[in-house]
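Heads up, the thing below is written out as C-alpha coordinates.
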Amino acid sequence: MTDPIYAIPDIHGQDALLEAALDLVARDGGTEAQIIFLGDLVDRGPDSRAVIDRLMTGQAQGCPWTVLRGNHDQMLIDFLDTGVIHSPHIGSGLSWLNHRLGGVATLASYGLDVTENATQWQAARCAVPQAHRDWLAGLPLWQEVRDLLFVHAGIRPGVALTAQDPADLMWIRDGFLDHEGAHPWLVVHGHTALEMPTHFGNRIDLDGGAAYGRPLWPAVFEGRDAWLLTERGRIPL
(Lines of atoms letter the chains of each structure in order from A; the text may use other names.)
(Lines give C-alpha, C1' and ligand atoms only; values in the text may rest on other atoms or scores of the structure.)
Protein backbone atom coordinates (compact mmCIF):
# COMPACT_ATOMS: atom_id res chain seq x y z
CA MET A 21 0.00 0.00 0.00
CA THR A 22 1.36 3.40 -1.01
CA ASP A 23 0.37 6.73 0.44
CA PRO A 24 -2.56 8.14 -1.51
CA ILE A 25 -1.99 11.03 -3.89
CA TYR A 26 -4.87 13.38 -4.61
CA ALA A 27 -5.31 15.43 -7.77
CA ILE A 28 -7.59 18.35 -8.60
CA PRO A 29 -7.95 19.31 -12.28
CA ASP A 30 -8.61 22.60 -14.06
CA ILE A 31 -10.26 25.03 -11.62
CA HIS A 32 -10.75 27.99 -13.98
CA GLY A 33 -11.64 30.57 -11.39
CA GLN A 34 -14.29 28.45 -9.66
CA ASP A 35 -13.33 29.06 -6.04
CA ALA A 36 -16.55 27.64 -4.57
CA LEU A 37 -15.99 24.40 -6.47
CA LEU A 38 -12.38 24.35 -5.28
CA GLU A 39 -13.49 24.74 -1.67
CA ALA A 40 -15.90 21.82 -2.08
CA ALA A 41 -13.24 19.67 -3.75
CA LEU A 42 -10.78 20.36 -0.93
CA ASP A 43 -13.46 19.35 1.57
CA LEU A 44 -13.91 16.01 -0.22
CA VAL A 45 -10.16 15.43 -0.14
CA ALA A 46 -9.98 16.25 3.57
CA ARG A 47 -12.82 13.85 4.34
CA ASP A 48 -11.09 11.05 2.44
CA GLY A 49 -7.45 11.66 3.35
CA GLY A 50 -7.31 14.21 6.16
CA THR A 51 -6.16 17.79 6.23
CA GLU A 52 -2.55 16.81 5.51
CA ALA A 53 -3.34 14.98 2.27
CA GLN A 54 -0.85 15.40 -0.55
CA ILE A 55 -2.60 17.17 -3.43
CA ILE A 56 -1.41 17.93 -6.95
CA PHE A 57 -3.32 20.64 -8.82
CA LEU A 58 -3.18 20.21 -12.59
CA GLY A 59 -3.10 23.87 -13.60
CA ASP A 60 -5.49 26.28 -15.32
CA LEU A 61 -6.27 27.98 -12.06
CA VAL A 62 -7.64 31.07 -13.81
CA ASP A 63 -9.99 32.30 -16.57
CA ARG A 64 -13.67 31.81 -17.37
CA GLY A 65 -14.90 31.51 -13.76
CA PRO A 66 -15.58 34.55 -11.55
CA ASP A 67 -13.02 34.08 -8.78
CA SER A 68 -9.54 33.61 -10.24
CA ARG A 69 -7.98 35.94 -7.68
CA ALA A 70 -9.59 34.00 -4.81
CA VAL A 71 -8.35 30.69 -6.25
CA ILE A 72 -4.77 31.99 -6.38
CA ASP A 73 -5.05 33.42 -2.88
CA ARG A 74 -6.40 30.13 -1.52
CA LEU A 75 -3.62 28.03 -3.07
CA MET A 76 -0.85 30.46 -2.15
CA THR A 77 -2.11 30.64 1.42
CA GLY A 78 -2.35 26.86 1.70
CA GLN A 79 1.22 26.39 0.54
CA ALA A 80 2.44 29.15 2.87
CA GLN A 81 0.75 27.39 5.78
CA GLY A 82 2.62 24.20 4.98
CA CYS A 83 -0.02 22.19 3.11
CA PRO A 84 1.70 19.46 1.04
CA TRP A 85 0.33 20.86 -2.21
CA THR A 86 2.00 20.91 -5.61
CA VAL A 87 0.44 23.35 -8.06
CA LEU A 88 1.25 22.94 -11.75
CA ARG A 89 1.10 25.68 -14.36
CA GLY A 90 -1.46 25.46 -17.17
CA ASN A 91 -1.76 27.28 -20.46
CA HIS A 92 -4.34 29.73 -19.09
CA ASP A 93 -2.04 30.58 -16.20
CA GLN A 94 0.73 31.18 -18.75
CA MET A 95 -1.50 33.47 -20.81
CA LEU A 96 -2.09 35.63 -17.72
CA ILE A 97 1.66 35.78 -17.09
CA ASP A 98 2.34 36.68 -20.73
CA PHE A 99 -0.25 39.46 -20.64
CA LEU A 100 1.17 40.95 -17.45
CA ASP A 101 4.72 40.79 -18.79
CA THR A 102 4.18 42.00 -22.35
CA GLY A 103 0.56 43.02 -22.90
CA VAL A 104 0.15 40.28 -25.52
CA ILE A 105 -3.37 38.82 -25.78
CA HIS A 106 -2.83 36.38 -28.65
CA SER A 107 -1.06 33.03 -28.51
CA PRO A 108 0.35 31.11 -31.50
CA HIS A 109 -0.99 27.96 -29.84
CA ILE A 110 -4.63 29.03 -30.30
CA GLY A 111 -5.59 27.92 -33.78
CA SER A 112 -8.89 29.84 -33.77
CA GLY A 113 -7.04 33.13 -33.45
CA LEU A 114 -9.18 34.16 -30.49
CA SER A 115 -7.52 36.44 -28.00
CA TRP A 116 -7.08 35.76 -24.31
CA LEU A 117 -9.60 38.55 -23.67
CA ASN A 118 -12.29 36.88 -25.77
CA HIS A 119 -15.09 35.66 -23.52
CA ARG A 120 -14.52 32.08 -24.69
CA LEU A 121 -11.00 32.09 -23.27
CA GLY A 122 -11.90 34.01 -20.15
CA GLY A 123 -9.15 36.53 -19.52
CA VAL A 124 -11.76 39.25 -19.04
CA ALA A 125 -13.22 37.30 -16.12
CA THR A 126 -9.79 36.91 -14.55
CA LEU A 127 -9.05 40.64 -14.72
CA ALA A 128 -12.54 41.41 -13.42
CA SER A 129 -11.69 39.40 -10.30
CA TYR A 130 -8.93 41.98 -9.74
CA GLY A 131 -11.40 44.85 -10.18
CA LEU A 132 -10.73 45.68 -13.83
CA ASP A 133 -13.27 46.18 -16.62
CA VAL A 134 -11.42 45.43 -19.86
CA THR A 135 -12.21 44.47 -23.45
CA GLU A 136 -10.21 43.22 -26.41
CA ASN A 137 -10.01 46.83 -27.63
CA ALA A 138 -9.26 48.38 -24.25
CA THR A 139 -6.88 46.01 -22.51
CA GLN A 140 -5.68 48.44 -19.81
CA TRP A 141 -2.34 46.66 -19.68
CA GLN A 142 -0.68 49.08 -17.28
CA ALA A 143 -3.74 49.09 -15.04
CA ALA A 144 -3.61 45.30 -14.95
CA ARG A 145 0.06 45.36 -13.99
CA CYS A 146 -0.90 47.53 -11.02
CA ALA A 147 -4.04 45.60 -10.08
CA VAL A 148 -2.58 42.10 -10.10
CA PRO A 149 -0.17 41.75 -7.15
CA GLN A 150 3.39 41.08 -8.19
CA ALA A 151 3.37 38.19 -5.74
CA HIS A 152 0.58 36.54 -7.74
CA ARG A 153 2.46 36.95 -11.02
CA ASP A 154 5.71 35.64 -9.53
CA TRP A 155 4.00 32.67 -7.88
CA LEU A 156 2.33 31.66 -11.14
CA ALA A 157 5.58 32.02 -13.07
CA GLY A 158 7.38 29.82 -10.56
CA LEU A 159 4.94 26.91 -10.77
CA PRO A 160 6.39 23.64 -12.12
CA LEU A 161 5.12 22.05 -15.32
CA TRP A 162 5.05 18.44 -14.15
CA GLN A 163 5.28 16.25 -11.08
CA GLU A 164 6.44 12.63 -11.13
CA VAL A 165 5.26 10.38 -8.30
CA ARG A 166 6.34 6.78 -8.66
CA ASP A 167 4.41 5.33 -11.65
CA LEU A 168 2.35 8.48 -12.12
CA LEU A 169 3.16 11.63 -14.09
CA PHE A 170 1.00 14.66 -13.39
CA VAL A 171 1.01 17.37 -16.06
CA HIS A 172 -1.44 19.97 -17.31
CA ALA A 173 -1.94 19.04 -20.97
CA GLY A 174 0.18 15.95 -21.67
CA ILE A 175 3.55 14.95 -23.08
CA ARG A 176 5.15 14.38 -26.46
CA PRO A 177 5.35 10.57 -26.70
CA GLY A 178 8.85 9.16 -26.96
CA VAL A 179 10.56 12.32 -25.70
CA ALA A 180 12.44 12.20 -22.39
CA LEU A 181 10.73 14.15 -19.63
CA THR A 182 13.65 16.53 -19.23
CA ALA A 183 13.61 17.21 -22.99
CA GLN A 184 9.88 17.97 -23.25
CA ASP A 185 8.94 21.32 -24.79
CA PRO A 186 7.26 23.44 -22.08
CA ALA A 187 4.65 24.45 -24.64
CA ASP A 188 3.69 20.80 -25.13
CA LEU A 189 3.33 20.25 -21.39
CA MET A 190 0.84 23.14 -21.25
CA TRP A 191 -0.86 22.93 -24.65
CA ILE A 192 -0.50 19.56 -26.39
CA ARG A 193 -3.45 17.65 -27.81
CA ASP A 194 -2.53 16.22 -31.23
CA GLY A 195 0.08 13.52 -30.90
CA PHE A 196 -0.77 12.87 -27.27
CA LEU A 197 -4.50 12.34 -27.02
CA ASP A 198 -4.44 10.01 -30.03
CA HIS A 199 -1.40 8.04 -28.84
CA GLU A 200 -2.44 4.51 -27.87
CA GLY A 201 0.92 3.12 -26.78
CA ALA A 202 2.18 2.89 -23.24
CA HIS A 203 4.05 5.74 -21.59
CA PRO A 204 6.71 5.24 -18.90
CA TRP A 205 4.02 6.34 -16.41
CA LEU A 206 0.28 6.58 -16.17
CA VAL A 207 -0.12 10.21 -17.28
CA VAL A 208 -2.67 12.22 -15.29
CA HIS A 209 -3.69 15.45 -17.02
CA GLY A 210 -6.39 18.03 -17.59
CA HIS A 211 -6.58 20.69 -20.34
CA THR A 212 -9.03 18.86 -22.63
CA ALA A 213 -12.47 19.17 -21.09
CA LEU A 214 -14.70 16.09 -21.20
CA GLU A 215 -18.22 15.45 -19.96
CA MET A 216 -16.67 13.27 -17.25
CA PRO A 217 -13.11 12.35 -16.17
CA THR A 218 -12.02 9.31 -18.17
CA HIS A 219 -9.36 6.58 -17.91
CA PHE A 220 -7.86 5.80 -21.33
CA GLY A 221 -5.46 3.08 -20.20
CA ASN A 222 -2.21 4.96 -20.75
CA ARG A 223 -3.54 8.28 -19.42
CA ILE A 224 -6.33 9.76 -17.33
CA ASP A 225 -8.03 13.01 -18.34
CA LEU A 226 -9.44 14.52 -15.14
CA ASP A 227 -10.87 17.70 -16.67
CA GLY A 228 -14.61 17.22 -16.35
CA GLY A 229 -15.42 20.75 -17.51
CA ALA A 230 -15.68 22.83 -14.34
CA ALA A 231 -15.14 25.86 -16.57
CA TYR A 232 -18.43 25.08 -18.32
CA GLY A 233 -20.73 24.54 -15.37
CA ARG A 234 -19.85 20.91 -14.67
CA PRO A 235 -18.36 19.51 -11.44
CA LEU A 236 -14.76 19.85 -10.33
CA TRP A 237 -13.82 16.22 -9.73
CA PRO A 238 -11.02 15.50 -7.25
CA ALA A 239 -9.35 12.12 -7.65
CA VAL A 240 -7.28 9.85 -5.44
CA PHE A 241 -4.53 7.47 -6.55
CA GLU A 242 -3.11 4.48 -4.73
CA GLY A 243 -0.42 3.19 -7.03
CA ARG A 244 -2.06 3.15 -10.47
CA ASP A 245 -5.53 2.57 -9.04
CA ALA A 246 -7.73 5.66 -9.24
CA TRP A 247 -11.05 6.81 -7.83
CA LEU A 248 -13.11 9.98 -8.07
CA LEU A 249 -14.27 11.51 -4.80
CA THR A 250 -17.95 12.24 -4.36
CA GLU A 251 -20.33 13.08 -1.54
CA ARG A 252 -21.07 9.35 -1.41
CA GLY A 253 -17.41 8.33 -1.23
CA ARG A 254 -15.01 6.92 -3.81
CA ILE A 255 -16.11 5.70 -7.21
CA PRO A 256 -13.62 3.73 -9.38
CA LEU A 257 -12.17 5.58 -12.34
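Note that the numbering used here has the sequence shown beginning at 21, numbered continuously upward. We put the beta carbon where it would ideally sit given N, CA and C, even for glycine.
> For the region 31 to 48 against the region 56 to 68, are there 3 or more C-beta pairs whose distance is under 8 angstroms?
Replying inline: yes
> Alpha carbon to alpha carbon, what distance is there between Leu-44 and Arg-254?
Replying inline: Residue 254 sits at position 234 when you count from the first residue of the sequence shown. Residue 44 sits at position 24 when you count from the first residue of the sequence shown. Spanning the two alpha carbons is a distance of roughly 10 angstroms.
> When the Cα of Leu-117 is compared with those of Leu-249, Asn-137, Phe-57 and Tyr-130, which residue comes out closest?
Replying inline: Mapped onto the sequence shown, residue 117 falls at position 97. Comparing Cα-Cα distances from Leu-117 to each of Leu-249, Asn-137, Phe-57 and Tyr-130, the minimum goes to Asn-137.
> So what's Arg-69 in DSSP terms, helix, strand or just coil?
Replying inline: As a working mapping, residue 69 is identified with position 49 in the sequence shown. Of the three classes helix, strand and coil, the one that applies to Arg-69 here is helix, per DSSP.
>> What does the alpha-carbon distance come out to for the pair Ser-107 and Gln-94?
In response: Counting from one through the sequence shown, the residue named residue 107 turns up at place 87. Counting from one through the sequence shown, the residue named residue 94 turns up at place 74. Distance between the alpha carbons of Ser-107 and Gln-94: 10 angstroms.
> Where are the beta strand (DSSP E) runs, 3 residues long or more, that stay fully inside the region 76 to 156, in chain order?
Replying inline: 85 to 87
> For Asp-245, which residues does DSSP report across the bridge?
Replying inline: Numbered from its first residue, the sequence shown carries residue 245 at position 225. Answer by DSSP bridge pairing, in chain order: Glu-242.
>> Between which two residues does the beta strand (DSSP E) holding Arg-254 run?
In response: On the sequence shown, residue 254 is found 234 positions in, with the first residue counted as 1. Taken as a continuous stretch (DSSP letters only), the beta strand (DSSP E) holding Arg-254 covers 253 to 256.
>> Restricting to Cα atoms, I'd like to know which of Ala-151, Leu-161, His-219 and Leu-226 is closest to Ala-80.
In response: Counted from its first residue, the sequence shown places residue 80 at position 60. Measuring from the Cα of Ala-80, the nearest candidate turns out to be Ala-151.
>> When you compare the CB positions of Gly-228 and Pro-238, do they come within less than 7 angstroms of one another, or not?
In response: If you number the sequence shown from 1, residue 228 lands on position 208. If you number the sequence shown from 1, residue 238 lands on position 218. Not a contact, by the Cβ cut-off of 7 angstroms.
> When you compare only the Cα positions, how much space is there between Asp-67 and Ala-180?
Replying inline: Here residue 67 is taken as the residue at index 47 of the sequence shown, counted from 1. Here residue 180 is taken as the residue at index 160 of the sequence shown, counted from 1. Roughly 36 angstroms between the two C-alpha positions.
> In three-state DSSP terms, what is Val-179?
Replying inline: Residue numbering aside, residue 179 sits at position 159 when the sequence shown is read from its first letter. Here Val-179 sits in coil by DSSP.
> Relative to the alpha-carbon of Glu-204, which residue among Gly-174, Arg-120 and Ala-46 has its alpha-carbon at the smallest distance?
Replying inline: Position 184 of the sequence shown holds residue 204. The sequence given here has Pro at residue 204, not Glu. That would be Gly-174, whose Cα lies nearest to the Cα of Pro-204.
>> By DSSP's criteria, Tyr-26 is part of a beta bridge. Which residues make up the other side?
In response: Your numbering for residue 26 matches position 6 in the sequence shown. Ile-55 and Val-240.
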